[in-house]
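Protein chains in written order, with this note's numbering: chain F, 1 to 1012; chain H, 10001 to 10490. One structure below.
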């Protein structure tokens, strides 16, 4: 197929074998590759059989060979007419009636008839049903990811009713843990993580999207809605906040901040990631293979790849991102929690009423305000703001000082234009020019001073608002500086050793006005330096507090730049220098609306910007007639509440469409800088076309995916469901349904399930229930030698699969059985224990990479899907048990068995602590005698009681350790020191340590980490 | 997961009769770990080697049985280390001719520069060894092994930024998701050592530029290969291997008892349910136990003779240093660990190059040379391939201001230098040439894929035949590229 297939460019000898027409083409005199009905005349067969290396097919250098059986099959097929059919997965699934079976008493639902028919055809018979204890543990772990409690096991065993099992299944499907368990798998597909994935791999915040997934599963959102909202929730009419949050799915890809990258190269990679992730997740197609050339195996052209690409190419995003709030990248939205969303709804309703009231009053207010404005215009600034003012540059069309310092400024680089500012006009800065103030503000380390300015920074600033700093002399001087949104205030004698540097904890927004003030008391100490943002103290970190020498430098003071570098991009307005630290009240007054209003009122009403008009209105109504003031205050207060919620809400990155879509081109060889023909959004021709009424955007694409005529979407979904219960999916390659995929082990069952799923209106819970209530699911997983001989891979499912638990469940189970598990749905990711230094040893020392700060308390015991996921250094225990890095979409995890896993379970503090708490628990709840207590521990881990032989080993182990700790009580104390959870001092510590050791053995049992 | 056919050979009867815990660990391993049923590597009549990995046997007679890969992260400046360009002295400060640059793309860090002033190297060069290999003065010890190493001056890549470039070097793709070269080796050839992982990684910090680039787990990750093939980190702080130490309050005797009882319980359960995967689990616990005892011995240098320690230089006893990692690499290699990879950071000299590069050389010069000598005197160099390489080179033009004694260089993917030694490499030669500006290759270009194809070839692997079927495609380390560089193979 690679050499004679779909890819026209790669096709050899102009021969195409993937279509009937190509393969049977008469190449002259009846000579042809395949002559239907006549294998002996077919050239293809001769070439397969020949020993001549020149003619041999496949050619020896391809390292591909055909077995005799394969050639026989080929000959028989040609003899029967060489009928070509489209690839099975591209034909619409049809649900055939369930087949007749011999053992009619076995099936519990139609799944079983399909499975049993295959078994019978292969001379196999189903295994008996697993015992009830095994069954409830299996289904509880599968549906919720944590084990059943002994009480749940007992209740099920005691329940003789016919629907006892179904009752359990219904209970589990209704448990909120179900949504968490389902989400685990989806997070791998969605390459969900808490970091950006490139270089220093710093923080981002997508947990609101993750919580949306959990909620969606728990509320049993149908799979079609689940699909549409994640791919195009933003394009739905009147999209809700939740629907927008859902689109975070396609913003979970990695984003780079590496200095020096070519942005378009990476933006292209982001779009390609969306194409690959979306096509793999919903279609099971490897569209990425058609990035550089037509697909070698599947009927997808390179052009079709870029048509699909066009759907995802219209996001207003940057290739080289600048992190904003929560270190997320645009586009992003505030994503308030549920309670706050409700509150916002109430505020919005109140606001409608209040605004109406105010609007009704408008004529009266306007008249009264007009009468008041001259008074406002004549008002003087608060007197104290002139105390210590040594220079003041309003930047209203010139660089003159109005505080009589005698030093006017001058533009350097080029004369600057001015444009509408915060107060009258502001100076524009283009990253090249700055304003030279000569010796104004030539402060020394021992001088108290303040600098105040309005600034409107564009994104990606790495520049000074004000500086007097000489890079050529150890960066000596001082500056109020912005770097990727972080506000720095630096006083430097020699960088980096002799300096006072403070930096804001969070970045400030770009593309908006901010009032910035830096104050310094002349003490030389970081405690004497403050920064205010918009009139309020800004939360700062001390980066350096070791200033002991002079900061005086002879280079001029500058607005908008250091001496050589750090030139500002954006606008700066109203810069003031003081020779004293301003007080918090004074700063508030400087940043207050009254100051703006006094300036704004001088502008004719019709020419005032909305912000300025509002400032004047507020200044008037502050002291205006009560009725008007109250109506205005009501609106203002509601808006402030609204803003407060939105400003403090967690954010999430989302999909958005640009007003004018980007042009999409075929990229030659997949290279970002080699655009070819222009293409528009479209779906591959090998699949049914998009309905005419669907828009050619993501919404249309999402609806097309879940159209019942789509042959892949339902099959791919049910196949993955099947995989999560049986280990191996019906199509063994769930990430690929193309021609190179494995043929389904039970195609009739796959299609029946797919059709059933669509007919159920994509009911996800119903599909899980259907599978786990089948007799097939309930089979015992015991293996005999005969079974291994007859069906080593369990393809025909004559036994239940025995599967090691996924990484998350292994940890969750240990937390659950020891009583440590803290159950709380959602929220920011948590950082439980991990070995020291794992992040630091890979990061740039002292660089921008974040340091790992372990959490404490409840955060240590949350379910593992809430563990903080740093892609370049994932939690090591998760990696050891085969969790992927989440750098790219992953459909299946490997299931390995390694010594590192053994070391982790034996020695990782979380398991030692869980052993200790399990020991405490069995001492408290498990009876009195060691045998009783150990039986209880064994039940907590495996749900069943130990056999007499097993119990003998456990008790013997306990006695050994008890003797050890009696002779070495200090060792007992050390062991019991594991972890941060409370210790129970009322139990004999030596005894407790001995139980802890046995509990550790129990946690390490193969059976404990396996779902039988 | 083990190959089905092998697992099925294991009769569970064998386990039932066996007294749990009463059997020697080695015997247990051989009995229970089917990987080892194929036995350790063995030479065949045709010179190929039987290996416990998926290949079963190498495609060619292997010239290198083991690899020690000294990755120099950050991009060492070829112009200041190996690629001697005397003509630049006269061109100092002149603008890089457009005929040389040919409009090639630059990083966002220098693409805005108004001029591209040529910066000649301020370091003196001299020829060393029988064939006169050029090396700069920063190398004080490397010249003593000049006759053992092969300097390649014509390596090139497409990536111009660190993250994608170092990812390409190690996985054959600029984007994340593919297996690393060490993982491919583990997958294809398996492990030659019963107590240690097949692929071990160590990290050290350069003192030249301590604010250098970060590293990523993916550089030794397993991508879509089974995750047991991922590199195991030997760490410079804390436990050398994660979770190696018993918790406080559990001593060796207690651990042995716990493992014996765990083994008994697992055996009993195996008898009850018959899943051969349990036998693998049992053997992995034994292997973990053996690592608990063998790794501390391995990382303890106290029995190394004084002259050996001195050979590796003053930092050798400082755990986590490059010198310490080099000696540890030798000890791992001696014990049959097939792929040992060191990462040394600090080579990103955008500014202050003359000072920084001396710091980097100080870290790596003596230990690298010592490693080669040490392997040689033990007769191991012939079968151990040592590789010294970074992710790309550096520009001939200065980044930022150039002064009498200072300059910096930006990223340069079009050509750079590396060296290899031992394991089937022609010793003492220099391969490939660049133009007078060390900007373009004029002779014998070697792409990253060619380098990787060559490394695999030396291990006895045809790079086109070590594949893994994923998403319907047979993936390989070299993607669809790669030519073995015959000119450097002995």
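Beta carbons are placed, not taken as given, at the ideal position from N, Cα and C, and that holds for glycine. On a predicted model such as this, the values are computed, not experimentally measured, just so you know.
So which residues of chain H does residue 960(F) contact, with C-beta pairs closer than 7 Å? Locating residue 960(F) in the first chain gives position 960, where the first residue counts as 1. Correct list: 10257.
For residue 269(F) versus residue 889(F), is the C-beta spacing smaller than 8 Å? Numbered from its first residue, the first chain carries residue 269(F) at position 269. Numbered from its first residue, the first chain carries residue 889(F) at position 889. In this structure, residue 889(F) does not lie closer than 8 Å to residue 269(F) by Cβ.
So, are the CB atoms of residue 917(F) and residue 819(F) less than 8 Å apart? In the first chain, counting from the first residue as 1, residue 917(F) sits at position 917. In the first chain, counting from the first residue as 1, residue 819(F) sits at position 819. In contact: residue 917(F) and residue 819(F) (Cβ atoms closer than 8 Å).
Runs of alpha helix (DSSP H) wholly within the stretch 10326 to 10391 of chain H (minimum 4 residues, chain order): 10353 to 10377
Below 8 Å on the Cβ atoms is my guess for residue 590(F) versus residue 419(F); work out the distance and round it to an integer in Å. The residue given as residue 590(F) occupies position 590 in the first chain. The residue given as residue 419(F) occupies position 419 in the first chain. Not quite, the Cβ-Cβ distance comes to about 22 Å (not below 8 Å), so this is no contact.
Applying a beta-carbon distance threshold of less than 8 Å, which residues of chain F neighbour residue 10109(H)? Residue 10109(H) sits at position 109 when you count from the first residue of the second chain. Near residue 10109(H) (Cβ distances below 8 Å), the residues of chain F are 259 and 260.
Residue 10450(H) versus residue 10221(H) - alpha carbon distance: Counting from one through the second chain, the residue named residue 10450(H) turns up at place 450. Counting from one through the second chain, the residue named residue 10221(H) turns up at place 221. Cα to Cα, residue 10450(H) sits roughly 21 Å from residue 10221(H).
Length of the line joining the Cα atoms of residue 113(F) and residue 775(F): Here the question's residue 113(F) lines up with position 113 in the first chain. Here the question's residue 775(F) lines up with position 775 in the first chain. Rounded to whole angstroms, residue 113(F) to residue 775(F) spans 10 Å at the Cα level.
Quick one: what's got a C-beta closer than 7 Å to residue 740(F)'s C-beta in the same chain, skipping five residues either side? Here the question's residue 740(F) lines up with position 740 in the first chain. Contacts found: 297.
Rounded separation between residue 974(F) and residue 10249(H) - CA only: For the purposes of this step, residue 974(F) is taken as residue 974 along the first chain, with counting starting at 1. For the purposes of this step, residue 10249(H) is taken as residue 249 along the second chain, with counting starting at 1. The alpha-carbon atoms of residue 974(F) and residue 10249(H) are separated by roughly 5 Å.
At the level of alpha carbons, what is the spacing between residue 598(F) and residue 615(F)? Counting from one through the first chain, the residue named residue 598(F) turns up at place 598. Counting from one through the first chain, the residue named residue 615(F) turns up at place 615. If I take the Cα positions, the gap works out to 9 Å.
Against chain H, which members of the stretch 187 to 210 of chain F pass a CB distance test of less than 8 Å? 197, 198, 199, 200 and 201
Hey, would you say residue 803(F) sits closer than 8 Å to residue 1011(F), going by beta carbons? Along the first chain, read from residue 1 onward, the residue named residue 803(F) stands at position 803. Along the first chain, read from residue 1 onward, the residue named residue 1011(F) stands at position 1011. Yes; because the gap between Cβ atoms is below 8 Å, this pair is in contact.
Taking the continuous beta strand (DSSP E) assigned at residue 389(F), which residues delimit it? Looking up residue 389(F) in the first chain gives position 389. Run containing residue 389(F): 389 to 393, per the beta strand (DSSP E) assignment.
Below 9 Å on C-beta distance, what does residue 10175(H) contact in chain F? Within the second chain, numbered from 1, the residue matching residue 10175(H) stands at position 175. The contacting residues are 254, 269, 272, 273, 887 and 888.
For residue 689(F), collect the residues of the same chain with a Cβ closer than 8 Å to its Cβ; drop the 5 residues on either side in sequence, then sort them by chain order. Counting from one through the first chain, the residue named residue 689(F) turns up at place 689. Closer than 8 Å at Cβ, skipping near neighbours: 683.
Validate contact between the stretch 233 to 252 of chain F and the stretch 664 to 677 of chain F using beta carbons, cut 8 Å, 3 pairs: no
Grab me the residues of residue 628(F)'s own chain with a C-beta within less than 8 Å of its C-beta, minus the 5 sequence neighbours each way, in chain order. On the first chain, position 628 is the one that residue 628(F) refers to. Within the same chain, residue 628(F) has close Cβ partners 361, 364, 365, 368 and 621.
Spatially closest choice to residue 10482(H) from 10385(H), 10471(H), 10154(H) and 10446(H), by CA coordinates: Along the second chain, read from residue 1 onward, the residue named residue 10482(H) stands at position 482. Minimum Cα distance to residue 10482(H) is reached at 10446(H).
Would a C-beta distance cut-off of 8 Å place residue 842(F) and residue 10216(H) closer than the cut-off? Along the first chain, one-based indexing puts residue 842(F) at 842. Along the second chain, one-based indexing puts residue 10216(H) at 216. Yes, the Cβ-Cβ distance between residue 842(F) and residue 10216(H) is below 8 Å.
Can you pull the chain H neighbours of residue 805(F), defined as C-beta to C-beta under 7 Å? The residue labelled residue 805(F) in the question sits at position 805 within the first chain. Here the premise fails: no neighbours, minimum Cβ distance about 13 Å.
In angstroms, rounded to a whole number, what distance separates the CA positions of residue 563(F) and residue 463(F)? Here the question's residue 563(F) lines up with position 563 in the first chain. Here the question's residue 463(F) lines up with position 463 in the first chain. Rounded to whole angstroms, residue 563(F) to residue 463(F) spans 11 Å at the Cα level.
Assess contact between the stretch 10235 to 10250 of chain H and the stretch 895 to 903 of chain F, defined as three or more Cβ pairs (one per stretch) separated by less than 8 Å. Is contact present? yes
For residue 638(F) versus residue 337(F), is the C-beta distance shorter than 8 Å? Counted from its first residue, the first chain places residue 638(F) at position 638. Counted from its first residue, the first chain places residue 337(F) at position 337. Result no, Cβ atoms of residue 638(F) and residue 337(F) do not sit closer than 8 Å.
Pull out every residue of the stretch 176 to 187 of chain F whose Cβ sits closer than 9 Å to any Cβ of chain H, in chain order. none
With 16 as the cutoff for other CB atoms within 10 Å, does residue 472(F) come out buried or exposed? Numbered from 1 along the first chain, position 472 holds the residue referred to as residue 472(F). So residue 472(F) counts as exposed.
So, at 7 Å on beta carbons, what are the nonlocal neighbours of residue 10464(H) in its own chain, with the 5 sequence-adjacent residues on each side left out? The residue you call residue 10464(H) lines up with position 464 of the second chain. The answer, listed in chain order, is 10476.
Roughly how many whole angstroms lie between the Cα atoms of residue 45(F) and residue 674(F)? Here residue 45(F) refers to the residue found at position 45 of the first chain. Here residue 674(F) refers to the residue found at position 674 of the first chain. Near 42 Å, if we compare the C-alpha coordinates of residue 674(F) and residue 45(F).
Buried or exposed: where does residue 14(F) fall if 16 or more other Cβ atoms within 10 Å of its Cβ makes it buried? For the purposes of this step, residue 14(F) is identified with residue 14 of the first chain, where counting begins at 1. Exposed: under 16 other Cβ atoms inside 10 Å.
From residue 1007(F) to residue 10080(H), what does the alpha carbon distance come to, in whole angstroms? Residue numbering aside, residue 1007(F) sits at position 1007 when the first chain is read from its first letter. Residue numbering aside, residue 10080(H) sits at position 80 when the second chain is read from its first letter. So the alpha carbons of these two residues sit roughly 59 Å apart.
For residue 108(F), the three-state DSSP class (helix, strand or coil): Numbered from its first residue, the first chain carries residue 108(F) at position 108. Correct three-state label for residue 108(F): coil.
Apart from the five residues just before and just after residue 822(F), which ones in its own chain have a Cβ nearer than 6 Å to its Cβ? For this step, residue 822(F) is matched to residue 822 along the first chain. Only 858, 861 and 862 meet the Cβ criterion.
Give the list of continuous alpha helix (DSSP H) stretches no shorter than 4 residues that lie fully inside the stretch 166 to 201 of chain F. 176 to 189
Which value, in whole angstroms, describes the spacing of the CA atoms of residue 53(F) and residue 62(F)? What you label residue 53(F) is simply residue 53 of the first chain in a count that begins at 1. What you label residue 62(F) is simply residue 62 of the first chain in a count that begins at 1. Between residue 53(F) and residue 62(F), the C-alpha separation is close to 12 Å.
Beta-carbon spacing of residue 10064(H), residue 10297(H) below 8 Å: The residue given as residue 10064(H) occupies position 64 in the second chain. The residue given as residue 10297(H) occupies position 297 in the second chain. No.
Compute the Euclidean distance between the alpha carbons of residue 10143(H) and residue 10192(H), then round it to the nearest angstrom. Numbered from 1 along the second chain, position 143 holds the residue referred to as residue 10143(H). Numbered from 1 along the second chain, position 192 holds the residue referred to as residue 10192(H). Rounded to whole angstroms, residue 10143(H) to residue 10192(H) spans 33 Å at the Cα level.
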